[in-house]
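Reading through the C-alpha cells given below for one structure.
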Amino acid sequence: MTAVSQSSRATTAVGEPLLEIKNLTVAFGEGPGSVRAVEDVSLTVNAGEICALVGESGCGKSTLAYSLLGIVPPPGQVIAGEVTFRGESTTGLSTAEFNKLRGAELAMVFQGAMNAFNPVLTIGKQVEHILQAHPESFADPQEGRQYFEHLLELVQLQPERIWKSYESQLSGGMKQRVAIAVSLLLKPSVVILDEPTTALDVLNQRLVIDILKDLHRTLGVTIIFVTHDLAVVAELATRVAVMYAGRLVESGTTEEIFGNGRRHPYVEALIGAIPSVLNAGLRVKPIGGSVPNLAKLPPGCRFAPRCPLAEPVCSAQEPDLISDDHDHLVACHVANRALEVSGA
Ligand SMILES: Nc1ncnc2c1ncn2[C@@H]1O[C@H](COP(=O)(O)OP(=O)(O)OP(=O)(O)O)[C@@H](O)[C@H]1O
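Residue numbering for the sequence shown is 0 to 343, as defined by numbering that gives the first Met the number 0.
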C-alpha cells in the first residue's frame, strides 16, 4: 500500500486510521452558563482522505478542528473523550510535546489566513524563522527554502517574487495560497483548513479548490477542512462529517452523502437548501427555524424542533451515533430504525 508523508517519520498506510476522535466533548465555561460546543463526537479520519466538517454557523466545526491540534481557545477545554494520532492519545501531551506535533505532523491554515502574516517582515524572513525553529525538518535551511519555493510553485505563485514580498503586497487570494504553502513547509501528514475558500472571490475559490486537490494528489497529504459551503464539499471532499448543535449527526463518503446514501433529515435539509448545480432542476427549500442556542438545548434530538420526520421519541431521547457495516455514521432515531429493519 502507498504510504503517506515523505519524511523519515512514522507513516500510516493510505486508508488506515490516522486521526481518531473518540467521544470528544469540549465545553466553554463552567456551571449553568457553560456550553458544550462539541459533545460526544466520534469520528475517524483515515490517511489520504479529504474530510469536510460541515454544518451551519455555531455547530462546533471550528472548535472540533482546534481540538485536533490542542488549541481550543480559553475558556474552552476538552472535558471528555480523546483524540489519537497514529494510535497514540494526544490528550495527555505536554505543551512541548504538542508543539512538536503541530507543524511537523499536524498543520493548520486558520480562517482569515489573510491576516496570518507579520506585516513588517517579508514572507521569506518569516519562512526563515520557521526553518530556524525546526532544524529537525531541514538540517540545511537552504534545502528548506528550496522546498518552500517548490511549494509556492505548486500553489501557482512565483517563488522569487513571494519570497521578497510583504503581506501588504499580496492580494487576498495570494495570501491564502502562501498560507497553504507555509502550512506544508514542515511536511505535515495532516493539514486542517478552516473555511479555506470563504473570504475569496469565485475565481480564487476555484483556484484554491484545484490547488488543494493537486496538493492532495502530489504530496499525499491528508486534508481536513471546515466549511459551510456544500458545493465546495461535493467537489473536494472524499469524506463528509456533518455537525448540528455540537453533535456529529452523519458521516459518510462524499458519494453517499451527495448521492442516494444520506439518511439524516438535517443533511437532507442542508443539501435541499443550496441553490447550486447539486440541485439542478429542483426547487431550493430553506430549512425552517434556526440552530438552537447551545445554552438552551431542546430535550432529545437537537434537530427535532426543525425536523419534518420527528416523532415523540425524538423529543424525549438523544439518538445514538450508529455505524452501519461500512463506516457510515448516523444519529437519528427514525433513520436508524429503518437501518435495523433492513438488517444492514
Ligand atoms: N471563544 C469562545 N468563547 C465562548 N464560547 C465559544 C467560543 N468559541 C466558540 N464558542 C461556542 O461554541 C459554539 C461553536 O462555535 P464554533 O466556532 O466551533 O462553530 P462553527 O460551526 O465553526 O461556526 P462558524 O461557522 O460560525 O465558525 C459557539 O456557538 C459558541 O457557543
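Positions of the beta carbon are idealized from the N, C-alpha and C atoms, including for glycine.
query: Express the C-alpha separation of C300 and P285 in angstroms, rounding to a whole number.; result: 20 Å
query: Tell me whether the beta-carbon of G32 lies closer than 8 Å to the beta-carbon of A294.; result: yes
query: With DSSP collapsed to three states, give me the class of A334.; result: helix
query: Buried or exposed, going by whether 16 or more other CB atoms sit within 10 Å of the CB of P187?; result: buried
query: Apart from the five residues just before and just after E127, which ones in its own chain have a Cβ nearer than 7 Å to its Cβ?; result: P140
query: Mark P298 as exposed unless 16 or more other C-beta atoms lie within 10 angstroms of its C-beta, in which case mark it buried.; result: exposed
query: Would you say the beta carbon of P31 comes nearer than 7 Å to a heavy atom of ligand 1?; result: no
query: Please state whether DSSP places V13 in a helix, a strand or coil.; result: coil
query: From the DSSP output, which residues share a beta bridge with Q76?; result: A26
query: Hey, how far is the Cα of G47 from the Cα of L247?; result: 21 Å
query: Mark V201 as exposed unless 16 or more other C-beta atoms lie within 10 angstroms of its C-beta, in which case mark it buried.; result: exposed
query: What do you reckon, is the C-beta of T83 under 7 Å from a heavy atom of ligand 2?; result: As for ligand 2, it is missing from this structure, which binds only ligand 1.
query: Can you check whether the C-beta of A233 is within less than 8 Å of a C-beta belonging to chain D?; result: Of the chains in the structure shown, none is chain D; there is only one protein chain.
query: Just to confirm, are V53 and V241 a CB contact at a threshold of 8 Å?; result: yes
query: Got a list of residues with beta-carbon closer than 5 Å to any non-hydrogen atom of ligand 1, in chain order?; result: F27, V34, A36, S56, G57, C58, G59, K60, S61, T62, P72 and L293
query: Spell out a yes or no on whether the segment 141 to 155 and the segment 100 to 107 are touching, meaning 3 or more CB-CB pairs, one atom from each, closer than 8 Å.; result: no
query: Please report how far the alpha carbon of A272 lies from the alpha carbon of G287, in whole angstroms.; result: 10 Å
query: Quick check on the DSSP output: the alpha helix (DSSP H) that includes A103 runs from which residue to which?; result: T94 to A103
query: Report the three-state DSSP secondary structure of T217 (helix, strand or coil).; result: helix
query: Are there 16 or more other CB atoms within 10 angstroms of the CB of G143, so buried, or fewer, so exposed?; result: buried
query: Work out the CA separation of W162 and V207 for me, nearest whole Å.; result: 20 Å
query: Looking at S167: is its Cβ nearer than 8 Å to the Cβ of P118?; result: yes
query: What does the Cβ neighbour count give for H325, buried or exposed, with the cut at 16 atoms within 10 Å?; result: exposed
query: My assumption, with CB atoms under 8 Å, is that C50 sits in contact with I223. Please give the rounded CB distance.; result: 5 Å
query: Which first and last residues belong to the alpha helix (DSSP H) in which R160 is found?; result: P158 to K163
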